[in-house]
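Participant: Before we start, here is the structure in question, set down as structure tokens.
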Amino acid sequence: MTRDQQTNDVIIIGGGPAGLTAALYCGRARLNTLLLEKAAAGGQAATTDIIENYPGFPEGVGGYELTEKMKQQAVQFGARLQEISTVTTIEADGDIRVVKTEDESSYRARAVIIASGVEARTLGVPGESEFRGKGVSYCATCDGAFYRDKDVAVIGGGNAAVEEAIFLTKFASKVYVIHRRAELRADKILQERAFENSRIEIVWDSHLKKILGNSKVEEIVIENKNTHERTELSVDGVFFYIGSVPNTTFCTGVIDLDDRDFILTDAKLMTSMKGVFACGDCRANLLKQVAVAVGEGALAAVEADRYVEDNF
Ligand code: NAP
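Residues 4 to 315 (the working numbering) make up the sequence shown, in order.
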């Protein structure tokens, strides 16, 4: 069947590991593929210093290096990448899906793959938004080098918090990890490294109450949840790693989401909207890892290819 060339076969929303893998597979399936990315391709993985649990790299691999290679590979097989394009909604025009972006452009496609990922969750304590970019950060890889020989705090106790706390000890003289419980959530291997690192001090059972300073962060106030005792710590930086929220605002009211706004799919990764698939961290799956994201990206692409073949 001859297909209208003005309509893309597949539009992929999001250029992290899931989206880039979907783009690679769609390109190799000779689908006319456009990838829309709100910032620069690479996603959250690109801002990770070293990824140690992606198979094939026993020494670990830089997040930026890995995602740049994924991007090259997708482009090499014919996918078109369009960065700085923020999707605002997906509409149906018969069997065609119409993807609209913030700059009021519309893109038509036979199938859509959503791989829009997640972004850092904010805590909402006093001083957090006021000092954002003035000592408050959500990306140690981006901002860590500004804190050479200074004291910083990391909020959270998961893989990201502990991994980034260890990374920050390359620069900072002291890294406080402020965690709300008496046990870390991070993988055991990361916990062992943190416990062995003399520059890391874990502050257990504590909540961050406020961030203080004049033009930039100078101090944080924390509270022990058992004793309610408040302590002030002098720090120059506060890095938040308290989990993430999915980038799915553009799906609200259009595609079924779970109670935390992650996208629901069937086993073929199709969402509640026919011809629209989802993969990677934005999907309601059990594990947020690069290895999972690339696997789901591949599966979404294969299913989207079958869908286009069967329906157009
Ligand atoms: P996460 O695993 O959800 O951990 C979030 C941490 O922040 C938890 O320790 C949690 O405390 C704490 N937290 C949540 N809300 C809080 C609040 N309101 N106040 C204070 N603390 C709060 O998130 P993540 O570390 O960003 O990781 C996200 C996903 O990516 C996970 O699946 C993780 O495994 C994955 N990831 C993997 C790697 C790796 O494999 N190397 C690296 C980075 C991320 P509780 O523990 O008390 O709940």
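Built from N, CA and C at the ideal position, the CB exists for glycine as well. Note that this is a predicted model, so its numbers are computed, not measured.
Run through DSSP, which three-state label would Leu69 get?
Facilitator: The residue labelled residue 69 in the question sits at position 66 within the sequence shown. Of the three classes helix, strand and coil, the one that applies to Leu69 here is helix, per DSSP.
Participant: By Cβ distance below 7 Å, which residues in the same chain neighbour Gly63 in space, the five residues on each side in sequence not counted?
Facilitator: Stepping through the sequence shown from its first residue, residue 63 is reached at position 60. Cβ neighbours of Gly63 beyond the five flanking positions: Ile53, Ile54 and Glu55.
Participant: Enumerate, from N- to C-terminal direction, the unbroken beta strand (DSSP E) stretches of 3 or more residues contained entirely within the region 192 to 238.
Facilitator: Listed in chain order, they are 203 to 206, 209 to 216, 220 to 227 and 233 to 237.
Participant: On a Cα-Cα basis, can you pick out the residue from Asp190, Glu105, Asp269 and Val78 that is closest to Thr36?
Facilitator: Here residue 36 refers to the residue found at position 33 when the sequence shown is read from its first residue. Comparing Cα-Cα distances from Thr36 to each of Asp190, Glu105, Asp269 and Val78, the minimum goes to Val78.
Participant: Which full runs of the alpha helix (DSSP H) of 4+ residues lie inside the region 19 to 49, going along the chain?
Facilitator: Segments of the alpha helix (DSSP H) lying fully in the region 19 to 49: 20 to 31.
Participant: Should His182 be counted as a contact of the ligand NAP given a C-beta to heavy atom distance under 7 Å?
Facilitator: On the sequence shown, residue 182 is found 179 positions in, with the first residue counted as 1. Under cutoff, so the answer is yes.
Participant: Consider the C-beta atom of Ile245 and the heavy atoms of the ligand NAP; say whether any pair is separated by less than 7 Å.
Facilitator: Sequence index remark: in the sequence shown, residue 245 carries index 242 (1-based). It does: the Cβ of Ile245 is within 7 Å (strictly closer) of some heavy atom of the ligand NAP.
Participant: Using the Cβ count rule (16 or more neighbours within 10 Å means buried), how would you classify Lys169?
Facilitator: To locate residue 169, count along the sequence shown from 1; it is residue 166. Position check: residue 169 holds Ile in this sequence, whereas Lys was assumed. Counting Cβ neighbours within 10 Å, Ile169 comes out buried, since at least 16 surround it.
Participant: State buried or exposed for Thr91, treating a residue as buried only when at least 16 other CB atoms are found within 10 Å of its CB.
Facilitator: Within the sequence shown, residue 91 is the residue found at index 88, counting from 1. With fewer than 16 Cβ atoms within 10 Å of its Cβ, Thr91 is classed as exposed.
Participant: Going by other Cβ atoms of all chains shown within 10 Å of its Cβ, with 16 needed for buried, is Ile87 buried or exposed?
Facilitator: Position 84 of the sequence shown, counting from 1, holds the residue named residue 87. Looking at its Cβ environment, which holds fewer than 16 other Cβ atoms inside 10 Å, Ile87 is exposed.
Participant: What residues match up with Pro249 in a beta bridge as DSSP calls it?
Facilitator: For the purposes of this step, residue 249 is taken as the residue at position 246 of the sequence shown. DSSP output for Pro249 lists Val121 as bridge partner(s).
Participant: Check this for me: beta carbons of Arg151 and Phe174, under 8 Å apart or not?
Facilitator: Counted from its first residue, the sequence shown places residue 151 at position 148. Counted from its first residue, the sequence shown places residue 174 at position 171. Result yes, Cβ atoms of Arg151 and Phe174 sit closer than 8 Å.
Participant: Would you identify the three-state DSSP class for Gly240, choosing helix, strand or coil?
Facilitator: Position 237 of the sequence shown, counting from 1, holds the residue named residue 240. Strand, per DSSP.
Participant: Does the ligand NAP have even one heavy atom less than 7 Å from the beta-carbon of Ala163?
Facilitator: As a position in the sequence shown, residue 163 is number 160, starting the count at 1. Yes, since a heavy atom of the ligand NAP falls inside the 7 Å radius drawn around the Cβ of Ala163.
Participant: Taking only the alpha-carbon atoms, compute the straight-line gap between Gly17 and Ala143 and give it to the nearest angstrom.
Facilitator: Counting from one through the sequence shown, the residue named residue 17 turns up at place 14. Counting from one through the sequence shown, the residue named residue 143 turns up at place 140. Looking at the two C-alpha atoms, the distance is approximately 22 Å.
Participant: In or out: Asn250 buried (at least 16 other Cβ within 10 Å) or exposed?
Facilitator: Counted from its first residue, the sequence shown places residue 250 at position 247. Answer is buried; the Cβ neighbour count reaches 16.
Participant: Pull up the distance between the alpha-carbon of Val13 and that of Glu94, whole angstroms please.
Facilitator: Working through the sequence shown from its first residue, we reach residue 13 at position 10. Working through the sequence shown from its first residue, we reach residue 94 at position 91. Taking the straight line joining both Cα atoms gives about 14 Å.
Participant: Where DSSP assigns a beta bridge to Asp328, which residues make up the other side?
Facilitator: Residue 328 lies beyond the range of the chain shown here (4 to 315); nothing can be said about it.
Participant: Quick one: give me the first and last residue of the alpha helix (DSSP H) that Leu187 is part of.
Facilitator: Residue mapping note: residue 187 aligns to position 184 of the sequence shown, counting from 1. Per DSSP, Leu187 belongs to no alpha helix (DSSP H) and is neither H nor E.
Participant: DSSP state of Val90, grouped into three classes?
Facilitator: Here residue 90 refers to the residue found at position 87 of the sequence shown. Correct three-state label for Val90: strand.
Participant: Would you kindly work out how many angstroms separate the C-alpha atoms of Asp264 and Gly22, rounded to a whole number?
Facilitator: Here the question's residue 264 lines up with position 261 in the sequence shown. Here the question's residue 22 lines up with position 19 in the sequence shown. Their Cα atoms are separated by approximately 19 Å.
Participant: Given a cut-off of 8 Å on the beta-carbon distance, is the pair Ile203 and Thr172 in contact?
Facilitator: Start at 1 with the first residue of the sequence shown, and residue 203 comes out as number 200. Start at 1 with the first residue of the sequence shown, and residue 172 comes out as number 169. Yes, the Cβ-Cβ distance between Ile203 and Thr172 is below 8 Å.
Participant: Any chance the region 105 to 116 sits against the region 220 to 233, with 3 or more Cβ pairs inside 8 Å?
Facilitator: Taking 8 Å as the limit for Cβ pairs, the verdict is that the region 220 to 233 does not touch the region 105 to 116.
Participant: Using a Cβ-Cβ cut-off of 6 Å (strictly less than) and excluding sequence neighbours within five positions of Val295, which residues of its own chain qualify?
Facilitator: Position 292 of the sequence shown, counted from the first residue, corresponds to residue 295. So the list is empty, once near-sequence residues are dropped.
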